[in-house]
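**Q** So that we are looking at the same thing, I have put the structure below in structure tokens.
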Amino acid sequence: MVSQKVTIKNPSGLHARPASILTQTAGKCKSDVIIIYGEKKIQAKSILNIMAAAIKSGSEIELQCSGETEEQDLKTMIELIESGLGE
Amino acid sequence: MEQIYVDKTASRGIAVAPVYLYQEPDLSPVGELVSEEQSAAELEKFNRARENVQKELEHLAQENEIFAAHLEIASDIVLKEGVEAKISGEKKNAQLALWETIEEFAAIFASMDDAYMKERGADVKDIGKRMMAELKGVKRPDLGRLETEVIVAARDLYPSDTVKLKSEFVKGIITEEGGVTSHVSIIAKSMNIPTLVGVRGILDKLTDGGTVCMDAENGVIVIEPDEAALAEYEEKKKACEKERAYLESLRSKPAVTKHGKRVFLCANVGNAEDIRHALAMNIDGVGLFRSELLYMDNTHFPTEEEQYQVYKEAAELIPQELTIRTLDIGGDKELPYFEFEKEENPFLGWRAIRISLDMKEMFKEQLRAILRASVYGHVRIMFPMIISLEELRDAKELVEECKRELDAEGISYDKNIETGMMIETPASVLLAEEFAKEADFFSIGTNDLTQYLLAVDRGNKKIAEKYDYFHPAVVRAIGKVIDAGHKENIKVGMCGEMAGDKKATPVLLELGLDEFSMSAGSIDYVRKQILGTGFF
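This is the structure we're talking about:
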């Protein structure tokens, strides 16, 4: 398993469109992608899980990837979040 | 065969067609625990239902992006795993497992503070219903998918339903709830679909696909008609079409009563499309242009320029008067981009001119847009919900302020533009004499006036019968306002439902009303009534 911390920059946090883009990209990853937010453990491939977690702007999350392509997947996900998730 | 008599005709006409019962089927789960062997079959049932819903949504998503969001939720991995865990682990059948999982997610969203997130709870439930319908093998109705002529029967129809209505297939509408001023009534009237509303208990009497004759001229519904009744109604339908043709032939005649009084027959409109539609009926002007639609159907307060374009197009379409009512929001009308504080009594609250006078900059953008458009036709400005002379004076002063600004900027406008007011509060009736000295015209809004004078909420089903503009208090108020206006030589019009009710025409003529403004669907009927009235 590999992991890295990243801060959510989107002004209204992870909701609506950004959440959707994150889920779609995570869905393409072969490894399992988990977001640790405070005490919560969130399935990044689930739009329902992400939206229900209501991750606010400026929060730090930890991304964990585990699987054969974990290195590449983690890099992809971190870059996507840092780029602002299409916003 | 059974005949039912109805007194609430929302939109006239006659229809004979099979019934389309627009009713949500029972989607509550038939829950049970299953054995180890059965649970594999339940898993398969769920996954088949899920796949079918995904396919359906993929199809829908091509036309509407709302469904793209629904597709994401329907495909959600946690949702799938949640249901599967309840089936394999807790040995619940597919229906119960799905229901519980959906309820859990919906509850999470419903408990959030954010209004946007709360709405996602409704999305989750909607997807749950789609999957449940698949599991139970029942069909959910969809007005958008109609391909044959029907009469739609429903408890009530909401904006999300009526946007899908196609008049080529929907030949009639019958609802259990709602009044003649409800949403479905207004839409049906504008689309000329015969409609009867407030027909309690009708859904239990109708069967999906069974033939029904409906007469929305006299308020009669015939269920499962026999040969004779069918023939009779086909005949009536023909006669009704003939009557329509006769009404159309009257369109060339100006609205003059038998004893020679000329009145103005005008249309209530919301946009340019409505004006084009009304022009075909040879109208004498637009007595009410609802500017709020421009604000409601938007993502932001429309700018001066955006409004100017809309008013200009309208003014150019109609050579006669175009009465633009300034923003009438609040009450039951909200804006998607502006949060109104929750109020105990929204109809007695922060609405219409009260908002405009509090948000002066926003109001001035509208006034400037109207003034700029006034050079393209005969534009009049009308203020809603006025209760005091101060309000009227403040509003007029803002118009003057805008004029001075435009003068300074060298932009032209109609220097003689008239500013009038709606009479829709008891206060404005009692002060009509004073108002008549300072307003250039009156327009009586009977919908609000009736509800305020009688203290009867027009949306409340229990007291719907008490909402009556033939009540002597309302009729006397109208008479008083007309007299007050005439004493000062100003024109008095009416733009509420009553103006379009042909039963009210003789009374209103007798009271001396100068202008009748109504939805396009009523104009032909009221013209005929005016032409035929005159007792001395």
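Residue numbers (the working numbering), protein chains in the order written: chain A, 7 to 93; chain B, 1072 to 1607.
Note that beta-carbon positions come from the ideal geometry of N, C-alpha and C, so glycine has one too.
Since Val1077/B and Leu1267/B should fall inside the 8 Å C-beta cutoff, what is the C-beta to C-beta distance between them, to a whole number of angstroms?
**A** Here residue 1077/B is taken as the residue at index 6 of the second sequence, counted from 1. Here residue 1267/B is taken as the residue at index 196 of the second sequence, counted from 1. Going by Cβ atoms, the distance from Val1077/B to Leu1267/B rounds to 5 Å, so yes, they are a contact pair.
**Q** Using the beta-carbon of each residue, which ones in chain B are nearer than 9 Å to Ile67/A?
**A** Here residue 67/A refers to the residue found at position 61 of the first sequence. Here the premise fails: no neighbours, minimum Cβ distance about 17 Å.
**Q** Please name the residue in Ser1483/B, Glu1472/B, Glu1375/B and Glu1536/B whose C-alpha comes closest to that of Ala1440/B.
**A** Here the question's residue 1440/B lines up with position 369 in the second sequence. Considering only alpha carbons, the answer is Glu1375/B.
**Q** At what residues does the beta strand (DSSP E) containing Val1327/B begin and finish?
**A** Reading the second sequence from its first residue, position 256 is the one you call residue 1327/B. No beta strand (DSSP E) contains Val1327/B, which DSSP labels as neither H nor E.
**Q** Could you tell me whether the Cβ of Glu1489/B comes closer than 8 Å to any Cβ of chain A?
**A** Within the second sequence, numbered from 1, the residue matching residue 1489/B stands at position 418. No, because no Cβ of chain A sits closer than 8 Å to the Cβ of Glu1489/B.
**Q** Could you pull out every residue in the same chain whose Cβ sits closer than 6 Å to the Cβ of Ala1111/B, ignoring the five residues on either side in sequence?
**A** Taking the second sequence and counting its residues from 1, one reaches residue 1111/B at position 40. So the list is empty, once near-sequence residues are dropped.
**Q** Go ahead and pull the three-state DSSP assignment for Pro1089/B.
**A** In the second sequence, counting from the first residue as 1, residue 1089/B sits at position 18. Strand.
**Q** Whole angstroms is fine: what's the gap from Arg1361/B's alpha carbon to Thr31/A's?
**A** Residue numbering aside, residue 1361/B sits at position 290 when the second sequence is read from its first letter. Residue numbering aside, residue 31/A sits at position 25 when the first sequence is read from its first letter. The straight-line gap from Cα to Cα measures roughly 46 Å.
**Q** State the beta-bridge partners of Gly40/A as determined by DSSP.
**A** Working through the first sequence from its first residue, we reach residue 40/A at position 34. Correcting the residue type first, residue 40/A is Ile in the shown sequence and not Gly. Bridge partners of Ile40/A: Gln49/A and Gln70/A.
**Q** May I ask you to list, following chain order, the residues of the region 1187-1200 of chain B that have a beta carbon less than 8 Å from some beta carbon of chain A?
**A** Here the close residues are Tyr1187, Met1188, Arg1191 and Val1195.
**Q** One question on the structure: do Gly1290/B and Val1090/B come within less than 8 Å of each other, judged by their Cβ atoms?
**A** By 1-based counting over the second sequence, the position of residue 1290/B is 219. By 1-based counting over the second sequence, the position of residue 1090/B is 19. No; because the gap between Cβ atoms is not below 8 Å, this pair is not in contact.
**Q** Would the region 1585-1597 of chain B and the region 1570-1577 of chain B be scored as touching if the rule is three or more Cβ pairs under 8 Å?
**A** These segments touch.
**Q** Count the other CB atoms within 10 Å of the CB of Asp1185/B; is the residue buried (16 or more) or exposed (fewer)?
**A** For the purposes of this step, residue 1185/B is taken as the residue at position 114 of the second sequence. Exposed.
**Q** Leaving aside the five residues before and after Ile27/A along the sequence, list all residues of the same chain whose C-beta is less than 6 Å from its C-beta, in chain order.
**A** Within the first sequence, the letter at position 21 stands for residue 27/A. Around Ile27/A: Leu91 and Gly92.
**Q** Going by beta-carbon coordinates alone, are Ala1507/B and Ala1444/B separated by less than 8 Å?
**A** Within the second sequence, residue 1507/B is the residue found at index 436, counting from 1. Within the second sequence, residue 1444/B is the residue found at index 373, counting from 1. Contact: no.
**Q** What does the Cβ neighbour count give for Pro1455/B, buried or exposed, with the cut at 16 atoms within 10 Å?
**A** Along the second sequence, one-based indexing puts residue 1455/B at 384. It counts as buried.
**Q** Return helix, strand or coil for Val1209/B, following the three-state DSSP convention.
**A** Counting from 1 along the second sequence, the entry for residue 1209/B is found at position 138. DSSP places Val1209/B in coil when its eight states are reduced to three.
**Q** Within the 8 Å Cβ cut-off, does Thr75/A reach chain B?
**A** For the purposes of this step, residue 75/A is taken as the residue at position 69 of the first sequence. Judged by the 8 Å Cβ criterion, Thr75/A is not in contact with chain B.
**Q** Taking Lys1338/B as part of the beta strand (DSSP E), name the residues at either end of that continuous run.
**A** Along the second sequence, one-based indexing puts residue 1338/B at 267. First, the amino acid is wrong: residue 1338/B is Ala here, not Lys. It spans Phe1335 to Val1340 - the beta strand (DSSP E) in which Ala1338/B sits, taken as one unbroken run.
**Q** Where does the unbroken beta strand (DSSP E) through Arg1451/B begin, and where does it stop?
**A** Residue mapping note: residue 1451/B aligns to position 380 of the second sequence, counting from 1. Run containing Arg1451/B: His1449 to Phe1454, per the beta strand (DSSP E) assignment.
**Q** Whole-angstrom Cβ separation of Leu1359/B and Ser1514/B, contact assumed at under 8 Å?
**A** Start at 1 with the first residue of the second sequence, and residue 1359/B comes out as number 288. Start at 1 with the first residue of the second sequence, and residue 1514/B comes out as number 443. Yes, they are in contact, since the Cβ atoms of Leu1359/B and Ser1514/B sit about 7 Å apart, within 8 Å.
**Q** How big is the Cα-Cα spacing for Glu1312/B and Glu1220/B?
**A** Working through the second sequence from its first residue, we reach residue 1312/B at position 241. Working through the second sequence from its first residue, we reach residue 1220/B at position 149. Rounded to the nearest angstrom, the two C-alpha atoms are 17 Å apart.
**Q** Which ranges would you report for the beta strand (DSSP E) in the region 1523-1606 of chain B if only whole runs of at least 3 residues count?
**A** Fully enclosed beta strand (DSSP E) runs of 3 or longer: 1562-1565 and 1586-1589.
**Q** Give the residues from the region 1140-1171 of chain B that approach chain A closer than 8 Å (Cβ to any Cβ), ordered along the chain.
**A** Residues Ala1140, Glu1143, Ile1144, Asp1147, Ile1148, Val1149 and Leu1150.
**Q** For the beta strand (DSSP E) that contains Tyr1382/B, what are its first and last residues?
**A** Position 311 of the second sequence, counted from the first residue, corresponds to residue 1382/B. Per DSSP, Tyr1382/B belongs to no beta strand (DSSP E); it is in the alpha helix (DSSP H), Glu1375 to Leu1388.
**Q** Which same chain residues end up closer than 6 Å to Pro1417/B when comparing Cβ atoms and leaving out the 5 residues on each side of it in sequence?
**A** In the second sequence, residue 1417/B corresponds to position 346, counting from 1. For Pro1417/B, where only same-chain residues beyond five positions count, the Cβ hits under 6 Å are Gly1402.
**Q** Answer yes if the region 1418-1429 of chain B comes into contact with the region 1449-1468 of chain B, meaning at least three C-beta pairs across the two stretches below 8 Å, and no otherwise.
**A** Yes, the region 1449-1468 of chain B is in contact with the region 1418-1429 of chain B.
**Q** Taking the continuous beta strand (DSSP E) assigned at Met1493/B, which residues delimit it?
**A** Counted from its first residue, the second sequence places residue 1493/B at position 422. Taken as a continuous stretch (DSSP letters only), the beta strand (DSSP E) holding Met1493/B covers Glu1489 to Ile1494.
**Q** Hey, could you find the ends of the alpha helix (DSSP H) Gln1094/B is sitting in?
**A** Your numbering for residue 1094/B matches position 23 in the second sequence. Gln1094/B -> no alpha helix (DSSP H), and no H or E assigned at all.
**Q** Mind listing which residues of the region 29-44 of chain A have their C-beta closer than 9 Å to chain B's C-betas, in chain order?
**A** Of all residues in the region 29-44 of chain A, Thr29, Gln30 and Gly33 have a Cβ within less than 9 Å of some Cβ in chain B.
**Q** Would Ile53/A count as contacting chain B if we go by Cβ distances under 8 Å?
**A** Here residue 53/A corresponds to residue number 47 of the first sequence, with the count starting at 1. Judged by the 8 Å Cβ criterion, Ile53/A is in contact with chain B.
**Q** Kindly give me the distance between the Cβ atoms of Ile1148/B and Lys47/A, rounded to whole angstroms, as I take these residues to be in contact under 8 Å.
**A** Residue mapping note: residue 1148/B aligns to position 77 of the second sequence, counting from 1. Residue mapping note: residue 47/A aligns to position 41 of the first sequence, counting from 1. Not quite, the Cβ-Cβ distance comes to about 14 Å (not below 8 Å), so this is no contact.
**Q** Please work out which residues of its chain come closer than 7 Å, Cβ to Cβ, to Ser1159/B, disregarding the five sequence neighbours upstream and downstream, and give them in chain order.
**A** Locating residue 1159/B in the second sequence gives position 88, counting from the first residue. Here the set comprises Ser1110 and Leu1114.
**Q** Taking Cβ to Cβ, would you say Leu86/A is nearer than 8 Å to Phe1176/B?
**A** Within the first sequence, numbered from 1, the residue matching residue 86/A stands at position 80. Within the second sequence, numbered from 1, the residue matching residue 1176/B stands at position 105. Cβ distance not < 8 Å, so Leu86/A and Phe1176/B don't count as in contact.
**Q** Let me check understanding here. Comparing Cα to Cα, which of Ile1173/B, Arg1216/B, Ile1257/B and Gly1249/B lies closest to Glu1239/B?
**A** Position 168 of the second sequence, counted from the start, is the residue given in the question as residue 1239/B. For the residues Ile1173/B, Arg1216/B, Ile1257/B and Gly1249/B, the minimum Cα distance to Glu1239/B belongs to Arg1216/B.
**Q** Which partner residues does Cys1284/B have in the DSSP bridge list?
**A** On the second sequence, residue 1284/B is found 213 positions in, with the first residue counted as 1. Beta-bridge pairing links Cys1284/B to Val1087/B and Val1293/B.
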